[in-house]
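Take my numbering: the final residue in the first sequence is number 478, and no numbers are missing along the way.
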Amino acid sequence: MKPIVTRFAPSPTGALHIGGLRTALFNYVYAKQNNGKFLIRIEDTDTERSTKEFEKNILDNLTSIGLQPDEDPINQSERNAIYLKAAEKIFQSGNAYWCDCSQDELEEMRREQTAAGKKPMYDGRSRNLGLERSNKTVLRLATPENGEIIVNDLIRGEIKFNNNELDDLILLRSDGSPTYHLCNVVDDYEQKVTTVIRGEDHISNTPRQIHIQNALGYPELEYAHLPLVLGTDKKRLSKRNAATSLEEYRDKGYLDSAILNSLARLGWSQGENEVFYLDDLIKDFNIKDVQKAGAIFDITKLDWLNSQHLSKLNLDEFKDLLEPFLNNMGININDHENVDLLIDSLRTSDNNLSGIATQLFPYYKDIKDYDYDAIKKFLSNNNILHDLKEILINLEDWNEESINHLLTKYQHENNLKVPQVNQPIRIALTGKTKSPGLGLTLVIFGKKLAIKRIEELIKICDK
RNA sequence: GUCCCGUUCGUCUAGAGGCCUAGGACACCGGGUUUUCAUCCCGGCAACAGGGGUUCGACUCCCCUACGGGAUGCCA
Numbered sequence: 016m017k018p019i020v021t022r023f024a025p026s027p028t029g030a031l032h033i034g035g036l037r038t039a040l041f042n043y044v045y046a047k048q049n050n051g052k053f054l055i056r057i058e059d060t061d062t063e064r065s066t067k068e069f070e071k072n073i074l075d076n077l078t079s080i081g082l083q084p085d086e087d088p089i090n091q092s093e094r095n096a097i098y099l100k101a102a103e104k105i106f107q108s109g110n111a112y113w114c115d116c117s118q119d120e121l122e123e124m125r126r127e128q129t130a131a132g133k134k135p136m137y138d139g140r141s142r143n144l145g146l147e148r149s150n151k152t153v154l155r156l157a158t159p160e161n162g163e164i165i166v167n168d169l170i171r172g173e174i175k176f177n178n179n180e181l182d183d184l185i186l187l188r189s190d191g192s193p194t195y196h197l198c199n200v201v202d203d204y205e206q207k208v209t210t211v212i213r214g215e216d217h218i219s220n221t222p223r224q225i226h227i228q229n230a231l232g233y234p235e236l237e238y239a240h241l242p243l244v245l246g247t248d249k250k251r252l253s254k255r256n257a258a259t260s261l262e263e264y265r266d267k268g269y270l271d272s273a274i275l276n277s278l279a280r281l282g283w284s285q286g287e288n289e290v291f292y293l294d295d296l297i298k299d300f301n302i303k304d305v306q307k308a309g310a311i312f313d314i315t316k317l318d319w320l321n322s323q324h325l326s327k328l329n330l331d332e333f334k335d336l337l338e339p340f341l342n343n344m345g346i347n348i349n350d351h352e353n354v355d356l357l358i359d360s361l362r363t364s365d366n367n368l369s370g371i372a373t374q375l376f377p378y379y380k381d382i383k384d385y386d387y388d389a390i391k392k393f394l395s396n397n398n399i400l401h402d403l404k405e406i407l408i409n410l411e412d413w414n415e416e417s418i419n420h421l422l423t424k425y426q427h428e429n430n431l432k433v434p435q436v437n438q439p440i441r442i443a444l445t446g447k448t449k450s451p452g453l454g455l456t457l458v459i460f461g462k463k464l465a466i467k468r469i470e471e472l473i474k475i476c477d478k
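Here it is, written out as structure tokens:
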């Protein structure tokens, strides 16, 4: 059996899209689990919309997330001669003809067909005219008029198309440039692709491409048409309904492994497992188990998956990944006397790294804004804060246990409720009423800074 | 319009004719742990698009309808 070769063929008309990333992932996983190759082809024949920046973005992102191609990517824009040769071959074999219908004429034809309740399609009027090539002619494939094409889809089974539903598609434009279908078919052959895994929006392109393959005498390919990734409005995921670029998710602090995990779970599942890494997918993924219906991309599931992946990191790994997010806020992660304790205590404070970095801010930098509602609630008078400051100043042994002991003692002696003692300190230290256990929080801050923060809040309350 | 693909809890899904009183996960709601928050634990809510067949029996097979998506380009 031939080794499996898959490919991801993006158009560089935008940054790497997470829908595209999912297609790439399935291609990569399928190739790897079959000891095959995963290739990339840049479909940049649309010179109007394609850019080198997007191309670089797509390639860099795929590589950095772990979906490296097994060969250097190829660009369609550089392979014109190959396509022209293939077109010539089809023409020579009598499976293509020149057509000089103008755009206006075609439009008129479609209008009439639609008006007559028929499917608008090219009627093959130039097919037997034996026209010569000119700067006004396009090369059209002579599609068989009878019979049918059966696409055997790994996910959907057999899909039948009647040849009479298909019109004679254009292979070469009047400016001599090759069209998408031709390039696609030729490249899949040239790259020795065996399996085409792509979005279901390509299903109806498939029989057309098979006709081109047949005209060229190419072998059959294996197909798998993936269900689309949808936005919450059930429309195809796009900038209109969600963040679409991989970078946006990375910038928010979602882990690569969590992003890949959530993308894989869109349309595929295995038993009752939810957490998967790339290696797990290579081991357990089965293309035949992929769902047929489109799947809505739910950010809350990604949130949860991210927290799962975050929790599996050891502290050093966690710190390394968190660091850039702190840097973005002008914080040096090591600029704290109890870094490890601090990070370890706050690592579950949010489900993404940028959120955690935000939580960490008051532990590194001066408090930007206090929760004034909380101040109103817990500090209607600040006698308690004064008392606590004195008590803490006099505490020699600054550890979690002794701090907790002192605070509890103060609470009992003054007949106060727990929050009446604790929340003022929390607000003083972090600006808000949330923090790890109070003794622990005070230890993290250290005596000097803790006292300083309490004094600052006393000043604010005195105003 | 025509052709193609699809339709199980709000969301992702399990389900290959009896194992289904339709399972899991996220979200949500409630409870517990935590002096607060998060984590964690326990519990709850919630779905087979509709209608016909086939069958002793249908979420599962067939047909129709509805709805959604795609194609119908000298875009990819």
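Positions of the beta carbon are idealized from the N, C-alpha and C atoms, including for glycine.
As the structure is a prediction and not an experimental result, all values here were calculated from the model.
Discussion item. Assuming contact is defined by CB atoms lying nearer than 8 Å, are residue 157 and residue 142 in contact in what I supplied?
Written reply: Result yes, Cβ atoms of residue 157 and residue 142 sit closer than 8 Å.
Worksheet item: Just to confirm, are residue 25 and residue 73 a CB contact at a threshold of 8 Å?
Response: Taking 8 Å as the cut-off, the Cβ atoms of residue 25 and residue 73 count as close.
Item to complete: Enumerate in chain order the residues of its own chain whose CB-to-CB distance from residue 374 is below 8 Å, with the five nearest sequence positions on each side excluded.
Response: Closer than 8 Å at Cβ, skipping near neighbours: 361, 364, 365.
Item to complete: Could you tell me which of 410, 430, 60, 333 sits nearest to residue 192, measuring between CA atoms?
Response: Closest option to residue 192, Cα to Cα, is 60.
Worksheet item: Does DSSP classify residue 285 as helix, strand or coil?
Response: Residue state, collapsed to three classes: strand.
Fill in: residue 119, buried or exposed, once every other Cβ within 10 Å from all chains shown has been counted against 16
Residue 119 is exposed by the Cβ-count criterion.
Fill in: Check whether residue 113 and residue 146 have beta carbons under 8 Å apart
In this structure, residue 113 lies near residue 146, with their beta-carbon atoms less than 8 Å apart.
Worksheet item: Whose CA, out of 190, 68, 452, 305, lies closest to the CA of residue 2?
Response: Here the chain comprises residues numbered 16 to 478, so residue 2 is not present and cannot be evaluated.
Practice prompt. Locate the alpha helix (DSSP H) running through residue 94, then write down its first and last residues.
Written response: In this chain, residue 94 is not harboured by any alpha helix (DSSP H), its DSSP state being neither H nor E.
Worksheet item: What are the complete alpha helix (DSSP H) segments, minimum 4 residues, inside the segment 178–238?
Response: Qualifying alpha helix (DSSP H) stretches, in chain order: 195–205, 221–231.
Worksheet item: My guess is that residue 540 and residue 210 are in contact by the Cβ rule of under 8 Å, so how many angstroms apart are they, rounded?
Response: Outside the displayed range of the chain (16 to 478) lies residue 540, so it cannot be described from this structure.
Item to complete: Please list, in chain order, all residues of the same chain as residue 389 whose beta carbon is under 6 Å from its beta carbon, the five residues on each side excluded.
Response: Excluding its 5 nearest sequence neighbours in each direction, residue 389 has C-beta neighbours in its own chain below 6 Å: 442, 448, listed in chain order.
Item to complete: Could you pull out every unbroken alpha helix (DSSP H) segment of at least 4 residues lying fully inside the segment 20–94, listed in chain order?
Response: Complete alpha helix (DSSP H) runs here, min 4: 33–48, 67–80.
Fill in: residue 419 versus residue 257 - alpha carbon distance
The alpha-carbon atoms of residue 419 and residue 257 are separated by roughly 46 Å.
Discussion item. Just to confirm before moving on: does the CB-CB distance between residue 309 and residue 261 stay below 8 Å?
Written reply: At least 8 Å separates the beta-carbon of residue 309 from that of residue 261.
Item to complete: Take the Cβ of residue 286 as the centre, count every other Cβ of all protein chains shown within 10 Å, and call the residue buried at 16 or more, exposed below.
Response: Exposed, since its Cβ has fewer than 16 Cβ neighbours within 10 Å.
Fill in: Alpha-carbon to alpha-carbon, residue 435 and residue 414
Approximately 21 Å between the Cα atoms of the pair.
Practice prompt. Look at the alpha carbon of residue 19 and the alpha carbon of residue 278, and state the distance between them as a whole number of angstroms.
Written response: Taking the straight line from one Cα to the other gives about 23 Å.
Worksheet item: Rounded to whole angstroms, how far is the Cβ of residue 408 from the Cβ of residue 466, which I believe are closer than 8 Å?
Response: Between residue 408 and residue 466 a beta carbon distance of about 6 Å is seen, short of the 8 Å cut, so the two are scored as contacting.
Discussion item. Does residue 468 pass the burial test, meaning 16 or more other C-beta atoms within 10 Å, or should it be called exposed?
Written reply: Residue environment analysis places residue 468 among the buried positions, since at least 16 neighbouring C-beta atoms fall within 10 angstroms of its C-beta.
Worksheet item: Taking the alpha carbon of residue 330 as the point to measure from, which residue in 354, 307, 314 has its own alpha carbon closest?
Response: The shortest C-alpha separation from residue 330 is found at 354.
Discussion item. Helix, strand or coil for residue 113? Go by DSSP, reduced to three states.
Written reply: Note: residue 113 maps to strand in three-state DSSP.
Discussion item. Considering only the alpha carbon of each residue, which of 460, 470, 344 lies closest to residue 401?
Written reply: Selected option, being the one with the closest Cα: 470.
Item to complete: Have a look at 35, 282, 37, 217 and flag the residue whose alpha-carbon is nearest the alpha-carbon of residue 307.
Response: Out of 35, 282, 37, 217, 282 has the C-alpha closest to the C-alpha of residue 307.
Worksheet item: In chain order, what residues of the same chain lie with their CB nearer than 7 Å to the CB of residue 248, ignoring the 5 residues before and after it?
Response: Non-local beta-carbon contacts of residue 248 in its own chain, meaning distances under 7 Å to residues more than five positions away in sequence, involve 256 in chain order.
Item to complete: Counting only the same chain and skipping the five closest in sequence on each side, list residues whose C-beta sits under 6 Å from that of residue 89.
Response: If we look at residue 89 and ignore the five residues flanking it on each side, its Cβ neighbours are 56.
Worksheet item: Taking just the CA atoms, how far does residue 219 sit from residue 133?
Response: Distance between the alpha carbons of residue 133 and residue 219: 18 Å.
Fill in: Spatial neighbours of residue 458 in its chain, beta-carbon cut-off 8 Å, leaving aside the 5 residues before and after
Excluding positions up to five away in sequence, the list reads 353, 356, 413, 414, 415, 418.
Practice prompt. Could you check what DSSP says for residue 454 in three-state terms: helix, strand or coil?
Written response: If DSSP states are grouped into helix, strand and coil, residue 454 belongs with the helices.
Worksheet item: Is it buried or exposed for residue 37, if we count other Cβ within 10 angstroms and need 16 for buried?
Response: Buried, since its Cβ has 16 or more Cβ neighbours within 10 Å.
Item to complete: Would you list the one or two residues that DSSP bridges to residue 176?
Response: Answer is 164.
Worksheet entry | Cβ pair residue 269, residue 317 closer than 8 Å | Yes, the pair counts as a contact, with Cβ atoms nearer than the cut-off.
Discussion item. Between which residues of its own chain and residue 410 is the CB-CB distance below 8 Å, once the five residues before and five after are set aside?
Written reply: If we look at residue 410 and ignore the five residues flanking it on each side, its Cβ neighbours are 417, 418, 421, 462.
Worksheet item: Who are the Cβ neighbours of residue 313 in its own chain at under 8 Å, not counting the five residues just before and after it?
Response: Sequence-distant partners of residue 313 (beyond 5 residues in either direction) whose C-beta falls short of 8 Å from its own C-beta, in its chain, are 247.
Worksheet item: Count the other CB atoms within 10 Å of the CB of residue 79; is the residue buried (16 or more) or exposed (fewer)?
Response: Classification for residue 79: exposed.
Worksheet item: If we call anything under 8 Å between Cβ atoms a contact, is residue 217 one with residue 168?
Response: In this structure, the beta-carbon distance from residue 217 to residue 168 does not fall below 8 Å.
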